[in-house]
Each structure stands twice: as structure tokens, then as C-alpha cells.
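Asks: After the C-alpha cells below, expect a handful of questions from me.
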């Protein structure tokens with residue numbers, strides 16, 4: 351690879367991504383802003399020829415409750431802690447189209463050049479939590495593929511595990527169900543075993559936004575090798591953390607760190623993989639979009655001066671496998 355690669359992956363969830371943390375105590379405006387900002391992101395990506403992977407919770411593909419029930423698998427996760435289950439949440443709280451369904455946004459992603467529709471599992475499935483089983487996970491992936499193929503004609507190829515809970519024993523199942531690449535975590539210890547969150551891990555992840563305390567974030571294409579029975583693992587480099595309304599220095603320092611890492615990747619012809627949740631932009635939509643435009647402008651400079659290219663996760667796999 352004689353040029354650097356800039357790739358973006360997004361975890362598109364709406365309420366499915368945080369229902370087990372906030373329950374029904376969420377601000378409706380937060381997700382209204384999220385829905386409004388996604389077309390803006392897509393427009394920025396299209397105008398600047400940015401290719402991105404949208405790892406989308408399969409339940410968002412549904413139009414209404416009837417369709418949601420039609421595509422939901424018979425076998426659902428039997429977590430020991432029932433509050434982790436999207437199905438148990440719906441039994442108590444019901445379904446709200448404004449925060450649980452978004453087929454029009456899924457269609458917008460598909461219709462935007464360079465965007466890859468991918469999976470964040472069907473039900474925001476936690477593969478490392480106790481009680482669930484490999485067969486339940488398989489059924490979840492099958493439900494995600496089924497609703498995508500039947501409603502949108504798309505076979506999903508890329509997968510992002512919710513909460514970055516990567517169960518290595520489940521990787522062969524991913525490949526068997528059509529997923530040829532998976533986003534993996536950075537190699538630092540504080541990104542491992544994310545189901546066991548403690549203050550030290552959170553502190554080091556936060557500190558790493560400001561200071562280079564972990565391993566180098568970019569990596570060469572030669573680092574990516576796929577085992578025969580597993581998908582290709584594509585490590586994340588950095589999460590774009592939400593805007594802080596009260597701390598402009600925080601925003602500036604973490605943004606400059608990302609830009610410096612992008613520059614380093616472009617100079618060494620390596621891969622830089624940035625990710626975030628679209629709903630993170632709802633904290634301060636105008637400031638977040640301004641920041642995104644600054645990142646994209648910086649990439650434009652790296653593309654013109656150093657030949658850096660934009661691709662999505664499927665594009666990385668094709669590069670690695672020589673397609």
C-alpha cells in the first residue's frame with residue numbers, strides 16, 4: 351500500500367444503543383437531533399467523497415411494530431440480567447417510532463455514494479454477557495441479514511459488536527452468517543474486555559484523548575491477516591468523543607490529537623480508523639458538525655498533499671485480500 355487510508359465507521363443505534371442505561375428517561379429532542387443530523391453527515395461525506403461504514407442496529411430497519419415482530423428471531427438472548435435485553439425493554443416500555451425505527455435513514459445511507467450499510471447486530475446483542483448463547487447470537491445475525499436483504503436488497507458484510515464486546519469464540523459464526531470483516535478494538539489493555547468496565551480503564555481511555563499513553567493508533571495493511579474460519583479484524587484507531595459544551599480546551603486538544611494522528615498515518619502510508627455514534631452529535635449539533643467539517647477538510651489536505659485515500663471497512667478488506 352503506497353498511500354495512507356482514512357476510514358470511518360459509525361455505530362447507528364438511536365435508543366437501542368442506550369435503553370439499558372437510560373430506560374424511558376431519555377430526552378426525545380436528543381434523538382430528534384440525531385435523526386436530523388444524519389442527512390447532514392451523509393451530505394458532507396458525499397460532497398467530499400468520504401466512504402464510511404454505517405453499523406446499524408437491525409431493529410432500526412423496521413417500519414413499525416408489526417414488522418419489528420415479524421423479523422425478530424424466535425430465539426432471543428437469555429441474559430441473566432434481563433435489563434440488557436431489548437425484547438424485555440419493549441415488554442415494559444413499548445415501541446416509539448421516533449427512537450426505535452428509522453428505515454428512511456437506512457435508505458438514505460444506501461443511496462449515498464461510498465456508504466456501506468453494515469450491522470450492529472439485530473438487537474444490540476452483547477456477546478460477553480452471561481446467560482446468552484452462541485445459537486442465540488447466530489439467530490440474531492440471521493435476523494439482521496434477513497431484514498436487510500428482504501427490505502433493502504443488501505447483504506451485510508461488515509459487523510461492529512455493540513459496546514465493543516468482542517467474543518472471539520463467536521467470530522466463526524460471524525463469517526458463517528456472511529460477515530467478512532469485523533471492527534476490533536485498539537490493542538491497548540484499557541480497550542480489552544470492555545464488559546468489565548472499571549475506573550482505571552475509563553480514565554486511561556479518556557486520558558489517551560489528550561496524551562499519547564497507548565500504542566500508536568495507525569497501523570500498516572500488513573498487520574491485517576484473516577484466519578481461515580474468521581472474518582478479517584479491522585482495528586479501530588480512535589473514537590471521536592462528544593463535544594463538551596463547557597470545556598472548549600477539551601474539544602480543541604482532542605481534535606488536534608486526531609488531526610496529528612491522521613497526518614502521521616498519511617506520512618507512513620498506514621490505516622487510520624475513526625469511529626463514533628451519530629447520536630453523540632446531538633449533544634451540540636452545530637459544534638459537532640463544524641468539528642466534522644474540520645476533520646474532513648484536514649483529510650482533503652492529506653489527500654491532495656500526501657495521497658491519503660478514503661475507504662470503508664469493506665474497501666479495506668478488498669485491499670488486504672487483493673480484490
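Numbering (this note's numbering), first residue to last: 351 to 673.
Every residue gets a Cβ at the ideal spot worked out from N, C-alpha and C, and that includes glycine.
With DSSP as the reference, please indicate the residues paired to residue 357 in a beta bridge.
Replies: 623
Asks: DSSP on residue 363, reduced to helix/strand/coil?
Replies: coil
Asks: What whole-angstrom Cβ distance do residue 413 and residue 453 have, given they're in contact under 8 Å?
Replies: Taking a contact as a CB-CB distance under 8 Å, the pair residue 413 and residue 453 counts as one, their CB atoms being some 5 Å apart.
Asks: So the alpha helix (DSSP H) residue 468 belongs to, where does it begin and stop?
Replies: Counted as a single uninterrupted DSSP element, the stretch harbouring residue 468 is not any alpha helix (DSSP H) but the beta strand (DSSP E) occupying residues 465-469.
Asks: Which runs of the alpha helix (DSSP H) fall wholly inside the stretch 625-656 and span at least 4 residues, in chain order?
Replies: 635-656
Asks: Could you tell me the distance, in whole angstroms, from the CA atom of residue 627 to the CA atom of residue 352?
Replies: 30 Å
Asks: Are the stretch 386-396 and the stretch 431-442 touching by the rule of at least three beta carbon pairs closer than 8 Å?
Replies: No, because fewer than three Cβ pairs between the stretch 386-396 and the stretch 431-442 fall closer than 8 Å, the two stretches do not touch.
Asks: Would a C-beta distance cut-off of 8 Å place residue 423 and residue 361 closer than the cut-off?
Replies: no
Asks: Please classify residue 462: is it buried, with 16 or more other beta-carbons within 10 angstroms of its beta-carbon, or exposed?
Replies: buried
Asks: Let's test the definition: count the other Cβ atoms within 10 Å of the Cβ of residue 310 and tell me whether it reaches 16, buried, or not, exposed.
Replies: Since the displayed the chain opens at 351 and closes at 673, residue 310 lies outside it and no answer follows.
Asks: Quick one: complete alpha helix (DSSP H) runs, 4+ long, within the stretch 356-441?
Replies: 369-372, 378-397 and 415-421
Asks: Leaving out five residues before and five after residue 522 in sequence, what residues of the same chain have Cβ atoms less than 7 Å from its Cβ?
Replies: Contacts found: 579 and 580.
Asks: Let me make sure I understand the geometry here. Which of 484, 512 and 403 has the alpha-carbon closest to that of residue 472?
Replies: Taking only the C-alpha atoms, the option nearest residue 472 is 512.
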